[in-house]
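Following our numbering, the numbering of the sequence shown begins with 58 at its first residue and continues without gaps. Take a look at the structure set out below.
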Amino acid sequence: MKPNFSFLFKLLILQYLAVLSISQEFDFFYFVQQWPGAYCDTKQSCCYPKTGKPSADFSIHGLWPNYNDGSWPSNCDPDSVFDKSQISDLISNMEKDWPSLSCPSSNGMRFWSHEWEKHGTCAESELDQREYFETTLKLKQKVNLLRILKNAGIEPDDGFYTLESISEAIKEGTGFTPGIECNRDSARNSQLYQVYMCVDTSGSNLIECPVLPRSKCGEQIQFPKF
Numbered sequence: 058m059k060p061n062f063s064f065l066f067k068l069l070i071l072q073y074l075a076v077l078s079i080s081q082e083f084d085f086f087y088f089v090q091q092w093p094g095a096y097c098d099t100k101q102s103c104c105y106p107k108t109g110k111p112s113a114d115f116s117i118h119g120l121w122p123n124y125n126d127g128s129w130p131s132n133c134d135p136d137s138v139f140d141k142s143q144i145s146d147l148i149s150n151m152e153k154d155w156p157s158l159s160c161p162s163s164n165g166m167r168f169w170s171h172e173w174e175k176h177g178t179c180a181e182s183e184l185d186q187r188e189y190f191e192t193t194l195k196l197k198q199k200v201n202l203l204r205i206l207k208n209a210g211i212e213p214d215d216g217f218y219t220l221e222s223i224s225e226a227i228k229e230g231t232g233f234t235p236g237i238e239c240n241r242d243s244a245r246n247s248q249l250y251q252v253y254m255c256v257d258t259s260g261s262n263l264i265e266c267p268v269l270p271r272s273k274c275g276e277q278i279q280f281p282k283f
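See below:
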């Protein structure tokens, strides 16, 4: 009896698609906000967007699918390219809350395209392109880090604060433990750079982080002016 090569081929294709779909599922999102004062106070420096200097507030870095073991998927669908027409009515909010500080100065499109193609395409099982950006903007409104920190007496005044006090203030304000990432300025000061909050796969609800990124922070953290 001859083997049915057509059937075997179809079986292999189905197995491949099953593996592909599994590899693109994820367990939670990191919602990451960055402090522009720390981003700009590094060797690489920064360039303000073409719309001008952003406000002295935390800005969105991204919404990143992650696995519970600390790894993450990326660039899941090379055919799903960024399409600004899908978010045309969100652009003004994105310019305000999700500005690009990289050089050369830009209108943000390259930054947003990178975030969609690297991270957003791995969330397409839950959020289409418009939903991805809209959901991230809503999270920014929900997690007002600057207000939370100021309410705890932690101000962007070049002062130094303990990692514990910053973490506790954010936990008090949101109900969940944040991940804190620092960078170092030219004087080797540890600075408050990025804050990671964890979000369920719908992008709607904050959750306790299954795994937190390494902080790379000293005991005393500077909150630089911007």
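Ideal Cβ positions, reconstructed from N, Cα and C, are used throughout, including at glycine. Source: prediction; values computed, not measured.
When Trp121, Thr178, Pro267 are compared, the shortest CA-CA separation from Val89 is found for Trp121. Contact between Pro235 and Tyr253 holds: their C-beta atoms lie close to 6 Å from each other, under 8 Å. For Phe233, same chain residues with a beta-carbon under 6 Å away, outside a window of 5 residues either side, are Leu263, Glu265 in chain order. Per the DSSP secondary-structure output, Glu238 pairs in a beta bridge with Gln251. Taking every protein chain shown into account, the CB of Gly109 has fewer than 16 other CB atoms within 10 angstroms, so this residue is exposed.
The beta carbon of Leu269 sits closer than 6 Å to the beta carbons of Gly236 from its chain, once the five residues preceding and following it are set aside; these are given in chain order. One Cα belongs to Trp155, the other to Ser224, and the distance between them is close to 23 Å. For Phe190, the enclosing alpha helix (DSSP H) begins and ends at 186-199. Excluding sequence positions up to five before and after Leu220, its CB lies within less than 7 Å of the CB of Ile237, Ser272, Cys274, Glu276, Ile278, all in the same chain and listed in chain order. By the Cβ-count criterion, Asn132 is exposed, with fewer than 16 other Cβ atoms from all chains shown falling within 10 Å of its own Cβ. Relative to Ala244, the option among Gly177, Ala95, Gln198 whose CA is nearest is Ala95. DSSP assignment within the stretch 75-130 yields the following whole beta strand (DSSP E) runs of 3 residues or more, N-terminal first: 85-91, 116-123. With a 10 Å radius around the Cβ and a threshold of 16 neighbouring Cβ atoms, Gly165 comes out buried. Just measuring C-alpha positions, the residue of Cys97, Ser261, Asp242 sitting nearest Ser162 is Cys97.
Non-local beta-carbon contacts of Ser112 in its own chain, meaning distances under 8 Å to residues more than five positions away in sequence, involve Lys153 in chain order.
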